[in-house]
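These notes concern the structure reproduced below.
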Amino acid sequence: METAFVLINAEIGKIPDVIEELKEIPEVTEVYSIAGEYDILVKLKFADIKSLGEIVPKRLHSIKGITRTLTLLTFKTHKYVDFDLSAGHKEK
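Going from the sequence shown to the numbering used here is simple: count from 1 and add 21.
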């Protein structure tokens with residue numbers, strides 16, 4: 022399984038609608054509203070680069086209100102901490 026992060030700019034007033042549509046895409050595993058140059062940060066999980074080539078230009082760019090994206094492809098996860106508030110956290 023591959024991972025990418027996508028930074029998204031959206032039209033003013035459309036951010037909540039864009040987020041709702043992003044949440045419906047199965048490969049989107051996390052969605053954040055963020056401060057800074059971009060409005061939204063999305064984490065994608067996908068099978069291979071070909072799949073990413075389908076998701077970003079065909080699915081993300083088809084969402085009304087998205088004006089710009091920047092895709093960051095990951096090479097390797099160096100640290101991952103899974104927080105479970107009931108049991109502390111586990112580093113993977």
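Don't be surprised by glycine CBs; every beta carbon is placed ideally from N, CA and C.
The alpha carbon of residue 83 has as its nearest neighbour, out of 23, 66, 38, 58, the alpha carbon of 38. Taking a cut-off of 8 angstroms on C-beta distances, the segment 44-56 does not touch the segment 86-98, as fewer than three cross pairs fall below it.
It is roughly 33 angstroms from the alpha-carbon of residue 101 to the alpha-carbon of residue 33. Residue 42 and residue 30 have their C-alpha atoms roughly 14 angstroms apart.
In terms of Cβ geometry, residue 46 and residue 80 form a close pair [threshold 7 angstroms]. In this structure, the alpha-carbon of residue 73 lies about 12 angstroms from that of residue 64. With a 10 Å radius around the Cβ and a threshold of 16 neighbouring Cβ atoms, residue 48 comes out buried. In the structure shown, residue 72 falls within a helical segment according to DSSP collapsed to helix, strand and coil.
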